[in-house]
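A.B. asks:
Numbering (the numbering used here), first residue to last: 283 to 468.
1. Out of curiosity, what's the CA-to-CA distance linking residue 405 and residue 434?
2. Can you tell which of 376, 403, 453 and 446 has its C-alpha closest to the C-alpha of residue 230?
3. Compute the beta-carbon to beta-carbon distance between residue 348 and residue 339, rounded to the nearest angstrom, for a pair I have assumed lies under 8 Å.
4. Applying the criterion that 16 or more other CB atoms from any shown protein chain within 10 Å of the CB defines a buried residue, is residue 337 buried or exposed?
5. Out of 343, 350 and 332, state which residue places its alpha-carbon closest to the alpha-carbon of residue 366.
6. Among the residues of its own chain, which have a CB less than 7 Å from the CB of residue 299, if the five just before and after it don't count?
7. DSSP on residue 316, reduced to helix/strand/coil?
8. Would you tell me roughly how many angstroms separate the C-alpha atoms of residue 458 and residue 335, rounded to the nearest one?
9. If we require 4 or more residues per run, which alpha helix (DSSP H) segments fall completely within the segment 356-380?
10. Pick helix, strand or coil for residue 334, following the three-state DSSP scheme.
11. Between residue 409 and residue 381, what straight-line distance do the alpha-carbon atoms span, to the nearest angstrom?
This is how it looks when you write it as structure tokens:
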């Protein structure tokens, strides 16, 4: 439904759930990952420096807890890692973009059985990495993103190269990137 009023109502609902899950303590993080991730995502949507920082604090705290209390340490929770990486991406800036790239690359490496620079069978990770490379810009990153999307498209089309597939997410990213690639090459 969207709209500022609906977003505020959603935030009020999740803040109430958070307060209840935190034993009645207002503005206190709780142990419910889903509530915390949802609040962080809502704060992202609201935008603004304060909300982005609050979201970053939530995602960082979740990651630290999932990593056994070790700050600035990757955890084994794909959902938390993706949320943190995507948030860093939306915050922008060279350092944040590099940190997000490191998160997405590490997720891919883990999903590929520990082999670096090898595509994995996790479509979400592959699409996220491709979109991030695309957002970072530059011919090399755009080419790497197109390679990811082309491989996913070929897989989804039963191994047939240059064949449309029935996966909307893959088709949309492939078309967007391949048309950008053609514009850059000419």
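Yeah, the Cβ is synthetic: ideal placement off N, Cα and C, and Gly gets one too.
C.D. replies: Per the coordinate set shown:
1. Looking at the two C-alpha atoms, the distance is approximately 8 Å.
2. Past the boundaries of the shown model lies residue 230; the chain is included only from 283 to 468, so the question cannot be answered.
3. That belief does not hold up - the Cβ atoms of residue 348 and residue 339 are roughly 15 Å apart, past 8 Å.
4. Residue environment for residue 337: buried (at least 16 other C-beta atoms within 10 angstroms of its C-beta).
5. Among 343, 350 and 332, the Cα nearest to that of residue 366 belongs to 343.
6. Taking residue 299 as the centre and dropping the five residues before and after it, the same chain places the C-beta of 317 closer than 7 Å to its C-beta, in chain order.
7. Three-state result, residue 316: helix.
8. Computed Cα separation, rounded: 31 Å.
9. The qualifying runs are 360-373.
10. In the structure shown, residue 334 sits in a helix (DSSP, three-state: H, G or I).
11. Roughly 17 Å between the two C-alpha positions.
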